[in-house]
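In the working numbering, the protein residues as written are 47 to 334. Notes follow once the structure below has been shown.
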């Protein structure tokens, strides 16, 4: 039976869908079935010659074509069926993507033949509750959950609780709670450490804190984090992986813990992560 390979393309990153067309052609030549989900992809992708319509849950592998944001969206699409995901980098950095455009022709045969390794990455379970205890938001985060001041033009006091104990009040623009995978995202830009993405942990990084110290905290993966807003009447915002955003009021509570299920990433070859990070940053100026 032909192997079904899911494609998740970003039409903004793939001009004229050139790379997506190339991938479809190569996959078909290899005897595989390129598939896209009409509930997740736009008509211009679904209408490409050789593209099969179907559900990503029927695929053995899901390929994203775009940058890190596209890759994160693809991973979220793969959650239901626990489908392993790999990315072709059409973005500016591509910390999460495994394949560069000039590697497509050798990478696709490896995917079709199963010549790859699957590694699991820890995710965050993010839930929000009203004062009466009712849940009004729930999401999984591969990179991070960010509680920020939103449009408010001044700092906000964020109360941090870990395992039921109040740790501190952080007057700041916000707080980032990230996985090791997300340490190279917003957390790094906010001054947080770069962490081996295979580690199981949670990283707490304040955004522009108005304090005499500015330090990230690394905590155990089994810990429970709670964030609330102090004496502040304006609405703040919670963003999960830069995809889902919800308004947070002073009486609301944000709870973050390790998710039961891990994301599944595909690796075609070994990389030195700490060499790859500066290489990726130096190459960020190239166009998609």
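Just so it is clear, CB atoms sit at the ideal spot from N, CA and C, and this is done for glycine as well.
Please state whether the Cβ-Cβ distance between residue 220 and residue 258 is less than 8 Å. Mapped onto the chain shown, residue 220 falls at position 174. Mapped onto the chain shown, residue 258 falls at position 212. No.
Assigned exposure category for residue 47 - 16 Cβ within 10 Å defines buried: The residue given as residue 47 occupies position 1 in the chain shown. By the 10 Å Cβ count, residue 47 comes out exposed.
Within a Cβ cutoff of 6 Å, which residues of the same chain sit near residue 333, ignoring the five residues on either side of it in sequence? Counting from one through the chain shown, the residue named residue 333 turns up at place 287. Bear in mind that a pLDDT of 41 at residue 333, under 50, signals an unreliable position, so the model cannot answer this.
Quick one, are the C-beta atoms of residue 141 and residue 230 less than 8 Å apart? What you label residue 141 is simply residue 95 of the chain shown in a count that begins at 1. What you label residue 230 is simply residue 184 of the chain shown in a count that begins at 1. For residue 141 and residue 230, yes; Cβs fall inside 8 Å.
Between the C-alpha atoms of residue 86 and residue 154, what's the straight-line distance to the nearest angstrom? Residue 86 sits at position 40 when you count from the first residue of the chain shown. Residue 154 sits at position 108 when you count from the first residue of the chain shown. In a straight line, the C-alpha of residue 86 is about 22 Å away from that of residue 154.
Please go through the same chain and pick out, in chain order, the residues whose beta-carbon is closer than 8 Å to the beta-carbon of residue 148, but skip the five residues on each side of it. Stepping through the chain shown from its first residue, residue 148 is reached at position 102. Contacts found: none.
Under the rule that 16 or more other beta-carbon atoms within 10 Å means buried, what is residue 244, buried or exposed? The residue you call residue 244 lines up with position 198 of the chain shown. The residue in question, residue 244, is exposed, as its Cβ has fewer than 16 Cβ neighbours within 10 Å.
According to DSSP, is residue 190 helix, strand or coil? Counted from its first residue, the chain shown places residue 190 at position 144. Strand.
Taking a contact to mean a Cβ-Cβ separation below 8 Å, would you say residue 271 touches residue 247 in this structure? Against the chain shown, residue 271 aligns to sequence position 225. Against the chain shown, residue 247 aligns to sequence position 201. Contact: no.
Would residue 188 pass as a contact of residue 227 if the rule is Cβ separation under 8 Å? Sequence index remark: in the chain shown, residue 188 carries index 142 (1-based). Sequence index remark: in the chain shown, residue 227 carries index 181 (1-based). It is a contact, given that the beta carbons lie within the stated cut-off.
CA-to-CA distance, residue 260 to residue 275, given in whole angstroms: Taking the first residue of the chain shown as position 1, residue 275 is located at position 229. Taking the first residue of the chain shown as position 1, residue 260 is located at position 214. Cα to Cα, the separation comes out at about 19 Å.
Helix, strand or coil, according to DSSP, for residue 341 in the structure here? Limits of the chain in this structure are 47 at one end and 334 at the other, which puts residue 341 out of reach.
Note down the Cα distance separating residue 99 from residue 52, rounded to an integer number of angstroms. Reading the chain shown from its first residue, position 53 is the one you call residue 99. Reading the chain shown from its first residue, position 6 is the one you call residue 52. Each residue's alpha carbon lies about 10 Å from the other.
By the three-class DSSP mapping on this structure, what secondary structure does residue 209 have? Your numbering for residue 209 matches position 163 in the chain shown. It is coil, neither helix nor strand.
Continuous beta strand (DSSP E) stretch holding residue 159: start and end: Taking the chain shown and counting its residues from 1, one reaches residue 159 at position 113. No beta strand (DSSP E) contains residue 159, which is instead part of the alpha helix (DSSP H) from 150–159.
Measuring CB to CB, does residue 59 end up less than 8 Å from residue 137? Locating residue 59 in the chain shown gives position 13, where the first residue counts as 1. Locating residue 137 in the chain shown gives position 91, where the first residue counts as 1. Closer than 8 Å, so yes.
Helix, strand or coil: how does DSSP classify residue 170 here? Taking the first residue of the chain shown as position 1, residue 170 is located at position 124. Note: residue 170 maps to strand in three-state DSSP.
Spatially closest choice to residue 300 from 139, 180, 145, 95, by CA coordinates: The residue you call residue 300 lines up with position 254 of the chain shown. Of the listed residues, the one whose Cα sits closest to residue 300 is 180.
Presumed contact (8 Å Cβ cut-off) between residue 121 and residue 309, rounded CB distance: In the chain shown, residue 121 corresponds to position 75, counting from 1. In the chain shown, residue 309 corresponds to position 263, counting from 1. Their Cβ separation, rounded to whole angstroms, is 5 Å, which keeps residue 121 and residue 309 in contact under 8 Å.
In whole angstroms, give me the CA-to-CA distance for residue 283 and residue 289. On the chain shown, position 237 is the one that residue 283 refers to. On the chain shown, position 243 is the one that residue 289 refers to. So the alpha carbons of these two residues sit roughly 12 Å apart.
Please report how far the alpha carbon of residue 139 lies from the alpha carbon of residue 145, in whole angstroms. Position 93 of the chain shown, counted from the start, is the residue given in the question as residue 139. Position 99 of the chain shown, counted from the start, is the residue given in the question as residue 145. Distance between the alpha carbons of residue 139 and residue 145: 12 Å.
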